[in-house]
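>
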Amino acid sequence: MTANLSPSLWRRWRGLLITLAAALLLPFVVGLLEGQPPTAVLANSAGVSKFVQGLAIEVFIFALYALSYDLIFGITGLLSFGHAMFFAVGAYLTGALIKSFGLPLWQTLIWVTFASVLQALLFSVVLPRVKGITFALVTLGMASVFHLMIMSRELGEFTGADVGLQGMIKPDFLNPATERLRLYYVALALLVTMYYLFKRFVDSPTGRVCVAIRENEGRALMLGYNTFRFKLAALLLSSFAAALAGALYAIYQPIISPHIASLGFTVTALLIILIGGVGTLQGALVGALVYRLLDFGLRRYMGESASFVNGLIYVLIVIFLPYGIVGTWRMKSLQLRQGWAKIGDAIPWKPNDGAAR
Amino acid sequence: MNTFLRKNLLLLLTLAVLAGFLAAAGRNMETSDFVITLLRGFSVGALTFLVASGFSLIFGLLDVLNLAHGTLFMIGAYAGWTVYVRPDTFIDLVTPLALLVSGFTLADAWRHLAVRISMTGRGVAAWIGFGVAALLLAYILPRYPIAMWNVDDYAQSPVAYSLAASQGQVTPPPAATFTEIAPGVAVLGLLISSAFIAFGLAWLRSGGQAGRPLTWRSFTRVAMVLLVGLGALIFNDALTAWLFALNSNWLFAIAVAVSVATGVALGGLMEVTLIRPLYVRPIYQLMLTLGLSVIGTELVRAIWGRPEFTMPKPELFAGTGAGCPATTFGDWLTHHCSTVILFEGRVRVYNEIFIPLVGLVVLISIWILLKRSRLGMIIRAGVQDRQMVEALGINVRRVFTQVFALGVGLAALGGVLAAPSIGLSNTMGESFLLNALIALAIGGLTSYPGAALGSLLVGLLQQFIIKYGQIGIPIPFTEILFKPTPPIVPASTVLLMVIVLLIMPNGLLGKKE
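Residue numbers (this note's numbering), protein chains in the order written: chain A, 1081 to 1437; chain B, 10 to 522.
What follows is the structure, encoded as structure tokens:
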């Protein structure tokens, strides 16, 4: 496989490919470790492997959600406190359309896409008027109104009010109980596709302008870019990804709980990308993994004091990993490489050619 | 007059709209209901203002969005409760805290010494000192006698103590005594560990800079702290008995003072140790303050337990006997009733008159501080242009610490004032933080009068909608009686915020950037 790719391309994508291979093999490896033959894993029999798949699906959902937040906050520099609404609209729309209107999944997804475009447009209406922290507060306002709508008793028939939406009939071919392995691969494929798309977006001229807006909007404007359009593009893509993550959440979780529309869930996305590294995209993936496993592990082994330790870990991360896991790693890896180069220069004897450079 | 009008046009317009809104709101309800709702709005507004003003000062000068502000509000409430209901615990805590602080009061001397003793490997030596101090503390602190309540046992839980105190049955719980450790060992150990930590820090940070020589000032400081600490240790029983026997008004005043002091100390400590390294990467301040707020909430849960309880009101506002509810001010002065009759409605004095009054006093005193003092001048200048103030050679760092401490102290004051009125719970901080954020967005994020106006608007709007939820709004030309449901209360303030921000992105009184 390496032979076909040019070396630089291979270096660029090797991390993703290795991770992808590991993720593809994960259910079977876990099954083998437990003593389950691959056929049993394929047949979705109960066991550690199935449980790990479930956990991994949650990580994928979180990763996709955080990825979408990274695009508007980390790349474009729009601080939004209403991002949970993007996710919750996807989740609730999927749940309500399948449960109350009996639509098939593909039609539901079309509606979700449509809704995601609409909400990105809704956010973009206020974009030219408010900037910075005020934009964050206005989006917070919109999201809280949506949150209250979900919680209200008048719409309880469709949303389940404060109990959450439950009793949605899962699509047969993606049922988390009987077809979990397939759901796992579908979620993985979705995440990888979206990651690739995001990466391409960030590396494209459009994405570069988005980064420029983050760094200095005035200068981008002065260079003749209509920054509103670029922000809108980022919002649209981000909203679409978040809504898809929400739809996946609705399919996987037995109950769609209303807290996914609250400010707390936006903060979750913020925490994930802060753990991983703001504006790095990979940071969202790493952060989601760390966040979910930390949450799971602490709840399981620390019991009562889980939240306390969690808060402590956040503070420690802020102190010791100043730019998140991926951000700090990138910074340090450059230093490491420079350090090695220095040692190499200090050695008088050169392996290739003795001539001084 | 003309310039005044032009300058304050928005403020006057808002007040006019507010007056019109109030007049319209008052038409559909009884006068007594209207007055009570108005006063309740003032009360919520005052508490929100105490949180919002500190938050806005911190955000304006330091550019820090302190998401732990709500938690600090809550910690202020719980600290005040501890002093008010369990003074014995408070007195027990004074000694170890004073002894631990004593080392740091000699900071100048340590710095002076650290420069003199410049040896290689002082980093290692300092860390060995920290290790010794940590071992000493780990040995002493668990054995140090502190009278505590027991969260798991209802008879000894904070809830039970609160209940007993509110019924006037003040039976001092058994005092904790030195049994596992000799008092001398404890005092010496605490002193030594404090000195080790303070000296180690000075040693690590000494960058060849000569410290100031010893002054009488630092000696008097350390003498004062030691005096307080050892005094509290020697006269422990007498002090506890005195506080238990003290008039509850005075005890409440002490509780408020201690709570504010706790807030100021926590704020200062937080800024110096944790916030200061983060000015270069502001977004991580969000994560830090979030983490701190989680830690604070969990600590409060672990120490004071999850159930809600109320702090009893001081005697001045708790009379219920003959002559109550009072109808005139003179009546109230003689009987100290908890309620008074105002426009034929019963108004709770503490909740609906005392809290707004304190809010007003704080509003005016901080206003004077900002307008008439040197610190206030630096703060106002810093909000406008921080770099310029730094360039003029003013020690902005110290001002940052002071402002952070002041802001957190205001939040703690709000917390301890709120405790007798809305009670203590683990979630009281969040709702007030959200209220304060909305109020600030409405009034203008960095504007001090904006914080006051926004808080007032939020408080009034919430209380009027709650009231209309009970009596209903008749919709004109129809027979329908619209009753706002409870979820509309937060939604209304949020909607007001969105509308205001869309019309005026900098808030009502915010300056244009």
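All C-beta atoms, glycine included, are put in the ideal place defined by N, C-alpha and C.
(1) Would a check of beta-carbon distances place Glu280 of chain B closer than 7 Å to chain A?
(2) With respect to the beta strand (DSSP E) encompassing Leu454 of chain B, which residues constitute its N-terminal and C-terminal limits?
(3) Note down, in chain order, each residue of its chain lying with its Cβ closer than 7 Å to the Cβ of Phe1238 of chain A, except the 5 sequence neighbours on either side.
(4) For Phe1226 of chain A, does the three-state DSSP call read helix, strand or coil?
(5) If we define contact as Cβ-Cβ less than 7 Å, is Gly300 of chain B a contact residue for chain A?
(6) At which residues does the beta strand (DSSP E) containing Thr348 of chain B begin and terminate?
(7) Does Ala204 of chain B have its Cβ less than 7 Å from a Cβ in chain A?
(8) Could you tell me whether the Cβ atoms of Thr46 of chain B and Phe473 of chain B are closer together than 7 Å?
(9) Taking Cβ to Cβ, would you say Ala1368 of chain A is nearer than 7 Å to Ala1146 of chain A?
(10) Let's see if you can read the secondary structure: which residues bound the beta strand (DSSP E) around Gly354 of chain B?
(11) Return helix, strand or coil for Ile447 of chain B, following the three-state DSSP convention.
(12) My assumption, with CB atoms under 8 Å, is that Leu469 of chain B sits in contact with Val44 of chain B. Please give the rounded CB distance.
(13) Say whether chain B places a C-beta atom closer than 7 Å to the C-beta of Thr1346 of chain A.
(14) Assign Thr348 of chain B to buried or exposed, taking buried as 16 or more other Cβ atoms, counted over all protein chains shown, within 10 Å of its Cβ.
(15) Can you find a CB in chain B that lies within less than 7 Å of the CB of Thr1214 of chain A?
(16) Skipping 5 residues on each side, what residues in its chain have a beta carbon closer than 8 Å to that of Val358 of chain B?
(17) Counting only beta-carbon atoms, is Arg1380 of chain A nearer than 7 Å to chain B?
(18) Compare the beta carbon distance of Arg315 of chain B and Pro334 of chain B with 7 Å and say whether it is the shorter of the two.
(19) Residue range of the alpha helix (DSSP H) that His344 of chain B falls in?
(20) Helix, strand or coil for Ile482 of chain B? Go by DSSP, reduced to three states.
(21) Would you mind reading off the limits of the alpha helix (DSSP H) that contains Ala1171 of chain A?
(22) Just to check my reading of the structure: Tyr1394 of chain A and Gly300 of chain B have Cβ atoms closer than 8 Å, yes? What is that Cβ distance to the nearest angstrom?
(23) Going along chain A, which residues have a C-beta under 7 Å from Met506 of chain B?
(24) Return the CA-CA distance between Phe113 of chain B and Ile201 of chain B, expressed in angstroms with no decimal places.
(25) Once you ignore the five residues that flank Val1128 of chain A on each side, which residues in its own chain have a CB closer than 7 Å to its CB?
(26) Counting Cβ pairs closer than 8 Å, one from the segment 282 to 291 of chain B and one from the segment 434 to 449 of chain B, do we hit at least three?
(27) Could one say the Cβ of Met1081 of chain A lies closer than 7 Å to chain B's Cβ atoms, at least one of them?
(28) If you draw a straight line from the alpha carbon of Leu122 of chain B to that of Ala207 of chain B, how long is it in whole angstroms?
(29) Less than 7 Å between CB atoms is the rule here; does Met38 of chain B satisfy it with respect to chain A?
(30) Would you identify the three-state DSSP class for Arg1437 of chain A, choosing helix, strand or coil?
(31) State the Cα-Cα distance for the pair Gly32 of chain B and Thr40 of chain B, rounded to the nearest angstrom.
(32) Which whole runs of the alpha helix (DSSP H) in the segment 26 to 106 of chain B are 4 residues long or more, in chain order?
(33) If contacts are defined as beta-carbon pairs under 8 Å, then Ala184 of chain B and Asp97 of chain B qualify, I think. What distance do you get, rounded to the angstrom?
(34) Within the 7 Å Cβ cut-off, does Leu213 of chain B reach chain A?
(35) Is there a Cβ of chain C sitting closer than 7 Å to that of Tyr1394 of chain A, yes or no?
Short version:
(1) no
(2) Run containing Leu454 of chain B: none; DSSP gives neither H nor E here.
(3) Ala1176 and Ser1180
(4) helix
(5) yes
(6) Thr348 to Leu351
(7) no
(8) yes
(9) yes
(10) Gly354 to Arg357
(11) helix
(12) Not really, about 13 Å apart at Cβ, beyond 8 Å.
(13) no
(14) buried
(15) yes
(16) Phe326, Trp341, Cys346, Ser347, Thr348 and Val349
(17) no
(18) no
(19) Phe338 to His344
(20) strand
(21) His1163 to Ser1180
(22) 3 Å
(23) Leu1217 and Gly1221
(24) 12 Å
(25) Val1110 and Glu1114
(26) no
(27) Any answer about Met1081 of chain A is weak, because its pLDDT of 44 lies below 50 and its placement is not dependable; what the coordinates show is given next. It does not; no Cβ of chain B falls within 7 Å.
(28) 12 Å
(29) no
(30) Only weak support is given to the placement of Arg1437 of chain A: the predicted model assigns it a pLDDT of 43, under 50, and the value that follows is read from those uncertain coordinates. Coil.
(31) It is worth fixing the name first, because residue 32 of chain B is Ala in this sequence and not Gly. Their Cα atoms are separated by approximately 11 Å.
(32) 40 to 71 and 78 to 94
(33) 6 Å
(34) no
(35) In summary, chain C is missing from the structure at hand, where the protein chains are A and B.
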